[in-house]
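Add 36 to the 1-based position in the sequence shown for the numbering used here, that's all there is to it.
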Amino acid sequence: MTTTPHKIRIGVLISGSGTNLQAIIDRCESGEIDGTVVCVISNKASAFGLERARNHGIPALHLDHRLHADRTDYDATLVALLREHGVDLVVLAGFMRIVTPTLLDAFPNRVMNIHPALLPSFPGLDAQRQALEYGVKVSGCTVHFVDSGTDTGPIILQSVVPVREDDTEETLSERIHVEEHKLYPAAIQLFARGRLTVVGRRVRINEE
Ligand code: GAR
């Protein structure tokens, strides 16, 4: 007898195009992620990711940071919305805001982020440009649990992307994006299967 696996409820936070969101929605629909995207929230009304969500019948919400007193106030509203949708895992996918303990305490070890570099190298903004300017020969992407620092949380998975002689910020970003679209769904599926254990800074990936 086969049993239907428990599907986790995923809330995705975005600020822009949402190509990672799209990859996650597609893998949920194909069954490669044992999960469902139950809401997408953007701090920007113009984020194309909101349209991507609506195309799949997923509630897409604009939560304007300019209408909130401060980050804590903003995150308290985020938490309320995520809880309303019964979210198990919060996925930051190009969400260009610093999150506060208000969100992290509500979802301990249940907030993930993707960053377009091999952390701890090149945290923060413009990671691809930082990598090119530094002159590294490889860069890549990192999926990590979010902690109170900027791109400092325990690392779940990383993927390496070689830097080519003629790379520009655009070409490197494009090749990193291709890897991101595989890496993020893979990390989310590990979470969905209950295979991730955080031990200090390290994330142990358990056997099935
Ligand atoms: C991705 O490359 C992601 O790694 C990056 O924003 C992009 C969003 O693309 N995130 C950060 O730089 C966070 N510091 P998408 O909207 O097409 O998914």
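Glycine is no exception: its CB is placed at the ideal position from the N, C-alpha and C atoms.
Computed from a predicted structure; not experimentally measured.
Judged by the Cβ position, Met-132 qualifies as a neighbour of ligand 1 at the 8 Å threshold, a heavy atom of the ligand being closer than this.
Rounded to the nearest whole angstrom, the CA to CA distance from Ile-134 to Glu-244 is 34 Å.
The beta carbon of Asp-111 sits closer than 8 Å to those of Val-135, Thr-136, Thr-138 and Leu-139, all from its chain and outside the five residues before and after it, given in chain order. Just measuring C-alpha positions, the residue of Phe-84, Ala-81, Arg-119 and Gly-54 sitting nearest Arg-45 is Arg-119. With respect to Leu-168, Val-199 sits close: the two C-beta atoms are nearer than 9 Å. The segment 221 to 233 makes no contact with the segment 200 to 213: fewer than 3 CB pairs, one atom from each, lie closer than 8 Å. Only buried fits Glu-216, as 16 or more other CB atoms lie within 10 angstroms of its CB. Secondary structure note for Thr-138: its alpha helix (DSSP H) is the uninterrupted segment 137 to 142.
DSSP, read as helix, strand or coil, puts Arg-45 in strand. When beta bridges are read from the DSSP output, Gly-71 appears opposite Ile-44.
Below 8 Å, too few C-beta pairs join the segment 145 to 153 and the segment 71 to 82 to call them touching: fewer than three. Distance from the C-beta of Ile-224 to the nearest heavy atom of ligand 1 is not below 8 Å. In this structure, Ile-212 is the residue among Ile-212, Arg-229 and Ala-163 with its C-alpha nearest to the C-alpha of Thr-55. Judged by the Cβ position, His-92 fails to qualify as a neighbour of ligand 1 at the 8 Å threshold, every heavy atom of the ligand being at least this far. Inter-residue distance for Ile-61 and Tyr-170 is about 35 Å (C-alpha atoms, whole angstroms). Not one heavy atom of ligand 1 sits closer than 8 Å to the Cβ of Leu-193. Relative to Cys-177, the option among Asp-109, Ile-94, Gly-160 and His-104 whose CA is nearest is Gly-160.
Within 8 Å of the C-beta of Leu-168 there is not a single heavy atom belonging to ligand 1. DSSP places Ile-134 in no alpha helix (DSSP H); its state is neither H nor E.
Check the Cα spacing between Arg-238 and each of Val-182, Ser-53, Val-48 and Ala-59: the tightest is with Val-182. Closest in C-alpha terms to Ala-222, from the list Arg-240, Asn-91, Ala-142 and Ile-69, comes Ile-69. Rounded to the nearest angstrom, the Cβ distance from Asn-91 to Ser-51 is 18 Å, too far for a contact under 8 Å.
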